[in-house]
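This report concerns only the one structure given below.
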Amino acid sequence: MSGFTPTEMMTIAAARALSNDDVCFVGIGAPSAACNVARLTHAPDITLIYESGTIGTAPEVLPLSIGDGELCETAVSTVPVPEMFRYWLQGGRISIGFLGAAQLDRFGNINTTVIGDYNHPKVRLPGGGGAPEIATSCKEVYITMKQSTRGMVEKIDFYTSFGHGDGGDHRQRLGIDTKGPTLLITDLATWKPDPDTKEFTVVSMHPGVTREQVQETCGWKVRFADNVEETPPPSELELSTLRDLQARTERAHGGKKGV
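Number 379 marks the last residue of the sequence shown (my numbering); no jumps.
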């Protein structure tokens with residue numbers, strides 16, 4: 121099982137970033153796959169929370185949406201959405217928020233609202249949902265997305281979820297006392313914010329990836345750490361766990377994908 125796809129590498133690298141003690145607010149799609157691979161491998165006691173109010177859920181298959189009955193059926197508890205946000209999220213009880221993005225800039229600001237002008241958009245996206253609150257209230261935020269110049273842009277078209285704003289201490293100046301985005305995992309590399317400027321910087325590249333590939337698929341001038349490491353390739357356990365999870369999901373949902 122030596123061969124793996126860039127998407128599999130991204131999902132597994134993201135899963136590795138999670139620990140057994142984390143309380144994780146999970147987004148649908150790639151974040152959901154990563155969090156559940158972590159739960160099924162090295163972090164069996166991780167607490168997964170979805171926006172619909174399900175706490176400690178352990179789905180057998182990946183949910184199609186936050187309203188998927190699979191989440192409620194396998195949860196330790198289900199609470200009303202207002203309680204989820206006010207008590208759990210805004211109360212500072214979530215360690216990691218795991219988000220995706222349609223557009224992302226170098227400071228971890230996320231757009232999931234519109235592409236183009238807000239009043240006359242080229243594309244209208246699903247919107248923020250709970251992501252704006254997750255981005256400011258979770259102790260830290262992890263982001264996962266595939267690299268493309270369309271997605272990783274110099275300037276996002278709309279600020280849906282606040283990352284590090286204009287960089288530096290922008291969060292603190294606005295009175296936001298959480299860390300914000302501390303990790304970006306793409307299908308090519310792992311990025312962390314510079315301690316001072318908060319600009320995402322490549323700290324690890326996935327096996328076989330070149331600096332040229334990273335730059336070609338990114339809309340801003342990429343910064344690389346002084347010592348860029350190579351991401352360890354997926355283990356057989358990690359790959360088989362992810363593929364089994366996806367196969368179960370495919371059988372259960374008949375080819376539909378989570379959004």
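For each residue, glycine too, the CB sits at the ideal point set by N, CA and C.
Quick check on the burial criterion: 16 or more other C-beta atoms within 10 angstroms. Buried or exposed for residue i?
i	result
T172	Rather than Thr, the amino acid found at residue 172 in this sequence is Ser. Buried is the call here.
L289	Note on residue identity: the sequence assigns Asp, not Leu, to residue 289. Answer is exposed; the Cβ neighbour count stays below 16.
T280	buried
Q223	buried
N231	buried
P202	exposed
A345	exposed
Q267	buried
S360	exposed
P246	exposed
R291	buried
G180	It should be noted that the sequence gives Glu, not Gly, for residue 180. By the 10 Å Cβ count, E180 comes out exposed.
G271	buried
E358	buried
P151	buried
A153	buried
A367	exposed
A135	buried
T269	exposed
Roughly how many angstroms lie between the CA atoms of residue i and residue j, to the nearest whole one?
i	j	result
V196	F145	15 angstroms
V322	R331	9 angstroms
K318	G228	9 angstroms
V379	H326	The predicted model places V379 with a pLDDT of 46, which falls under 50 and marks its position as unreliable, so this point remains unresolved.
T239	D225	Correcting the residue identity first, residue 239 is Asn in this sequence and not Thr. Whole-angstrom Cα-Cα distance: 21 angstroms.
A137	T306	13 angstroms
D316	E190	42 angstroms
P164	D142	11 angstroms
S139	V157	12 angstroms
L294	E350	36 angstroms
H284	C155	24 angstroms
M121	S355	The predicted model places M121 with a pLDDT of 43, which falls under 50 and marks its position as unreliable, so this point remains unresolved.
K242	E128	30 angstroms
G287	P313	9 angstroms
D237	D277	7 angstroms
I148	N347	33 angstroms
M265	Q335	15 angstroms
L308	P126	7 angstroms
D188	I235	28 angstroms
A133	V199	31 angstroms
L182	Q333	30 angstroms
F205	F124	37 angstroms
W311	V329	14 angstroms
V261	S324	18 angstroms
R371	I175	25 angstroms
H373	T194	17 angstroms
Roughly how far, in whole angstroms, is the beta-carbon of residue i from the beta-carbon of residue j, given that I think they are within contact range, below 8 angstroms?
i	j	result
L362	T177	18 angstroms between Cβ atoms; not a contact.
L465	L365	Only positions 121 to 379 of the chain appear in the structure, and residue 465 is not among them; the question remains open.
A221	I263	6 angstroms
L304	F282	That pair is no contact at about 15 angstroms.
If we cut at 9 angstroms on Cβ distances, does residue i have a partner in chain B?
i	result
V322	You won't find chain B in this structure, because it holds only one protein chain.
Handout entry: alpha helix (DSSP H) runs contained entirely in the segment 295-349, provided each spans 4 or more residues
Key = 331-336
Problem - Any 3 or more C-beta pairs closer than 8 angstroms across the segment 292-310 and the segment 160-171 - result: no
Exercise for the section: Give, in chain order, every unbroken run of the beta strand (DSSP E) that is at least 3 residues long and sits entirely within the segment 177-234. Expected result: 216-219
Handout entry: At least three beta-carbon pairs within less than 8 angstroms, the segment 250-260 to the segment 334-345
Key = no
Problem - the segment 257-264 contacting the segment 204-222, beta-carbon criterion three pairs below 8 angstroms - result: yes
Problem - Contiguous beta strand (DSSP E) assignments of at least 3 residues, all confined to the segment 233-272 - result: 234-236, 241-244, 260-264
Exercise for the section: Go through the segment 143-175 residue by residue and report every complete run of the beta strand (DSSP E) that reaches 3 residues or more, in order. Expected result: 143-146, 167-170
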